[in-house]
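Chemist: So for the sequence shown, full-length UniProt numbering puts the first residue at 1; every next one is plus one.
I'd like to ask you about the structure that follows.
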Amino acid sequence: MAIIRMLAVTLIGPKDEMEYVANQMILLGGFQPLSLDLILGDRSLRSKVKTSTDNPYDELLSEMAYVWQAAGESLPEAHPVPVTKEQTYERMRAEVRKITEKLRLWAERKSSLQEEVDELKAILVCAEALIKNKMDPKELLDTQNLLMFFGKLSDENFKRLEESSQSVPMLVMKLYSWHHETWMLAFAIPEYKEGAEKLLDSVYFKGYSIDDVLKTISDNPAEALQKRIDNKIRAIEGLSKAAKDYLDKRRKELEKLYSSVYTMQRIYDLCKGRGEIGDIYVLSGWIPEDMLAQLKSLIEHQAPRTTVMIEEEKNLPYSEIRVPTYLRNLPLVRAFQHVVAMYSLPSYGEIDPSFFVAVTFCLFFGFMFGDVGHGLVLGLLAHLLQKKRKMSKSLGTVVKAAACSSVLFGFLYGSIFGFEDIIPAIWMSPMKDMGKMLSLSLVIGVSIVTIGMILNMILCYRQRDFGRMLFDGRGMAGLIFYLTAAWAIYAVMSHKPLPIPGWVVATLLCVLLTCIILRDLLARILLKERISSSANESGGLYLFEVFHNLLSFLSNTISFLRLAAFALNHVGLSLAVFMLSDMVTSLPGGLFAKIAILVIGNVVIIGLEGLIVFIQTLRLEYYEFFSKFYKGGGVSFKPVRWEKTGESVSRSQM
């Protein structure tokens with residue numbers, strides 16, 4: 001359970017070596033690029049360094065796509081290909097152009113033929129409609145005193161055109177409707193040509209010219225047009241077959257070339273934030289500390305002319321550079337990272353609470369929702385939703401872990417689907433041992449608050465903030481004050497005598513409270529350090545903070561009574577379902593009604609109460625536990641990786 005230490009790496013080397021190194025770093029998947037604008041603050045130096053933005057391999061990928069488009073197939077899945085130092089952009093471009101030139105011409109010819117087919121089909125629609133209305137298309141073209149417009153537009157826009165044409169010198173004739181589009185003819189007098197064109201443009205009319213085609217057609221225009229369409233379709237099919245045969249013959253070679261171009265495109269994307277000084281490349285970014293040995297070994301054996309410079313967070317030249325957070329935990333704990341992230345990702349150098357959340361989340365949920373049957377159903381439901389991809393893997397793991405805890409506490413409580421007389425209680429029964437449940441909830445609350453304050457002290461120690469660690473309300477002084485007060489209150493409530501006089505306890509509490517109030521003064525006098533508080537807050541504001549911390553001790557602890565309250569609520573809801581089922585037993589069909597009520601009641605308990613308990617568990621984590629030590633606000637580590645789908649590569653914002 002840790003936040004992995006990060007290193008800022010700057011690589012400086014020749015182009016041929018840097019492209020090879022970039023390829024290997026993509027495969028390792030642990031490098032997040034940094035923009036040179038953040039690294040090079042010196043403007044005179046930055047002006048000498050060029051930064052590339054366009055990726056020339058994008059064009060090569062588009063050209064390679066012609067191979068599969070011409071054959072009517074989808075693009076293959078790209079795989080990472082080892083890059084050699086001799087593999088340059090110029091050589092790869094020449095190879096791509098040589099292979100795709102013929103196919104590109106075929107694809108362009110095929111596209112042109114398809115456009116001609118679409119146009120001929122549109123003219124065929126017009127000719128058939130005119131013949132159906134006993135109008136000769138050739139005679140229509142001979143009209144001297146009318147302008148004719150033929151084309152299509154959406155059904156909605158055609159209605160608009162009909163309404164507008166009623167007040168202008170233009171006749172609109174509907175020919176055919178298909179796929180929410182209307183084919184039409186429009187006639188206007190020559191004097192209204194400009195107005196007619198503006199009106200048609202306003203309704204997004206797409207026009208087709210039929211003059212040249214119909215003039216060359218014999219007596220049967222519909223039949224002649226259909227023959228032309230069939231001939232062009234056969235030509236398209238011939239081109240597709242030729243392209244497919246070409247692809248089938250050289251498929252392995254072409255797929256390897258496509259993967260090589262794709263690999264180089266991803267490498268270039270990784271190097272987008274690089275700087276160029278002649279043939280020398282500069283590339284900076286973050287890597288986990290445990291990747292440094294692999295990187296140095298790679299540079300030593302494969303890129304001897306490349307220099308590696310390492311910077312730790314404390315040595316970074318500019319404070320605005322935020323170190324990304326990279327969490328690495330056990331598989332089960334990893335799922336609870338997302339629970340933490342819903343609150344906020346831990347900032348670099350902070351304590352990762354994922355392990356504590358994994359333990360306490362299961363403890364809280366099981367305590368409040370302890371039932372063997374309900375837990376099994378909840379876990380099975382989460383498994384099915386996760387298997388059908390209706391629930392994310394992390395959320396499914398969290399719910400299944402909580403369900404297992406519910407089953408465990410169900411055995412401890414002796415409860416299965418609300419029945420408490422089927423299996424014996426190993427530990428205690430919530431309804432019969434109500435006082436013990438309430439006391440145990442408070443003990444858990446005190447323990448969780450104490451752990452939170454201890455974690456805060458550890459964090460202060462790491463940051464060398466000893467003043468806060470010793471004298472703050474959430475430091476050692478606050479912890480001793482809290483435990484002493486809790487001990488005294490427990491003794492008073494249980495009527496047990498204290499082992500020391502009461503005035504000693506009162507004096508200790510007053511001394512600790514004074515230390516908390518005089519935190520800054522004690523840090524300056526005793527430790528010779530100045531508290532880096534929220535920028536020298538005023539005395540009144542700090543006193544209010546102290547008062548708030550004291551109240552939070554009480555409110556945070558009492559809040560844990562909800563553990564017992566919801567455990568009792570679970571039993572109460574089950575009893576209510578049993579009472580309703582017993583009430584309908586004597587009615588006609590009472591057995592079926594009883595079974596229905598039991599089933600529906602348990603479904604409501606699992607769904608509604610399970611959701612409420614889940615929310616209450618999050619509340620205890622976020623407000624009662626996190627408030628003692630956790631701030632968050634971290635930035636996620638997003639290394640450049642090769643995506644198996646071959647569609648995109650994750651990379652940080654530069």
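Glycine included, each C-beta is placed from N, C-alpha and C at the ideal position.
Under 7 angstroms, do Q323 and M6 count as touching if we go by C-beta distance?
Modeler: Correcting the residue type first, residue 323 is Val in the shown sequence and not Gln. Contact flag set, yes.
Chemist: Please report the Cβ distance between residue 656 and A402, rounded to the nearest whole angstrom; I am assuming they are in contact, meaning their Cβ atoms lie under 8 angstroms.
Modeler: Limits of the chain in this structure are 1 at one end and 654 at the other, which puts residue 656 out of reach.
Chemist: Give the C-beta separation of Y461 and M469 to the nearest angstrom, bearing in mind that I take them to be a contact with Cβ-Cβ under 8 angstroms.
Modeler: 6 angstroms
Chemist: Quick one: residues in its chain with C-beta nearer than 7 angstroms to the C-beta of H79, no 5 flanking neighbours on either side, listed in chain order?
Modeler: Only S259 meet the Cβ criterion.
Chemist: Tell me whether the beta-carbon of K256 lies closer than 7 angstroms to the beta-carbon of A71.
Modeler: Against a cut-off of 7 angstroms, the Cβ pair of A71 and K256 comes out as no contact.
Chemist: How big is the Cα-Cα spacing for M173 and C126?
Modeler: 11 angstroms
Chemist: Answer with buried or exposed for G601, where buried requires no fewer than 16 other C-beta atoms within 10 angstroms of its C-beta.
Modeler: With 16 or more Cβ atoms within 10 Å of its Cβ, G601 is classed as buried.
Chemist: Buried or exposed, going by whether 16 or more other CB atoms sit within 10 Å of the CB of L543?
Modeler: exposed
Chemist: So L11 packs on M291, CB below 8 angstroms; how close in whole Å?
Modeler: No, L11 and M291 are not in contact; Cβ-Cβ is about 13 angstroms, not under 8 angstroms.
Chemist: Which residues in the same chain as A222 place their Cβ atom closer than 8 angstroms to its Cβ, once the five residues preceding and following it in sequence are excluded?
Modeler: L124, A127, E128, I131
Chemist: Nearest-angstrom Cα distance between T507 and Q616?
Modeler: The C-alpha of T507 lies about 37 angstroms from the C-alpha of Q616.
Chemist: Which word fits D58, buried or exposed, when buried means at least 16 other C-beta atoms lie within 10 angstroms of its C-beta?
Modeler: exposed
Chemist: Please state if the CB of L61 and the CB of Q265 are separated by a distance shorter than 7 angstroms.
Modeler: yes
Chemist: If you draw a straight line from the C-alpha of G589 to the C-alpha of I595, how long is it?
Modeler: A direct Cα-to-Cα measurement between G589 and I595 gives close to 10 angstroms.
Chemist: Alpha carbon to alpha carbon, what distance is there between V117 and L247?
Modeler: 25 angstroms
Chemist: Hey, quick one: how far does the beta strand (DSSP E) through Y176 stretch, first residue to last?
Modeler: 170-178
Chemist: For L408, which residues from the same chain have a beta carbon less than 7 angstroms from its beta carbon, with the 5 sequence-adjacent residues on both sides left out?
Modeler: Cβ neighbours of L408 beyond the five flanking positions: G366.
Chemist: From K110, N456, P639, I448, pick the residue whose C-alpha is nearest to that of S559; which is it?
Modeler: I448
Chemist: Identify the continuous alpha helix (DSSP H) that holds G467 and give its terminal residues.
Modeler: 466-471
Chemist: Smallest Cα separation from T88: which of M18, E115, Q24, G30?
Modeler: M18
Chemist: Count Cβ pairs between the region 626-643 and the region 323-333 that sit closer than 8 angstroms; are there 3 or more?
Modeler: A contact exists between the region 626-643 and the region 323-333.
Chemist: Identify, in the order they occur along the chain, each residue of the same chain with its Cβ nearer than 8 angstroms to the Cβ of L483, setting aside the five sequence neighbours on each side.
Modeler: V446, T450
Chemist: Based on DSSP bridge pairs, tell me the residues matched to Q32.
Modeler: W286
Chemist: Helix, strand or coil for F409? Go by DSSP, reduced to three states.
Modeler: helix
Chemist: Secondary structure at L328, three-state DSSP: helix, strand or coil?
Modeler: The amino acid at residue 328 is misidentified as Leu; the sequence shows Arg. Note: R328 maps to strand in three-state DSSP.
Chemist: Any heavy atom of the ligand ADP closer than 6 angstroms to the CB of V261?
Modeler: Ligands are entirely absent from the displayed structure, and the ligand ADP is therefore not among its contents.
Chemist: Closest to I229 by CA distance: which of E115, A382, I612 is it?
Modeler: E115
Chemist: With the cut-off set at 7 angstroms, would you say G13 and A382 are in Cβ contact?
Modeler: no
Chemist: Since E181 and L153 are thought to touch, with beta carbons under 8 angstroms apart, how far apart are those beta carbons, to the nearest angstrom?
Modeler: 7 angstroms
Chemist: Quick check on DSSP: helix, strand or coil for S347?
Modeler: Residue state, collapsed to three classes: coil.
Chemist: Would you mind reading off the limits of the beta strand (DSSP E) that contains W183?
Modeler: 181-188
Chemist: Give me, in chain order, the residues of the same chain whose beta-carbon lies closer than 7 angstroms to that of I458; leave out the 5 immediate sequence neighbours on both sides.
Modeler: I351
Chemist: In its own chain, which residues sit with a C-beta less than 6 angstroms from the C-beta of A564, not counting the 5 before and 5 after it?
Modeler: M437, L438, S441
Chemist: Between which two residues does the alpha helix (DSSP H) containing residue 667 stretch?
Modeler: The question about residue 667 has no answer, for the chain in this structure spans 1 to 654.
Chemist: Quick one: using the 10 Å Cβ neighbour count with 16 as the cut-off for buried, is H570 buried or exposed?
Modeler: Result: buried.
Chemist: What number of angstroms, rounded off, separates the C-alpha of E73 from the C-alpha of V398?
Modeler: Between the alpha carbons of E73 and V398 lies a gap of roughly 42 angstroms.
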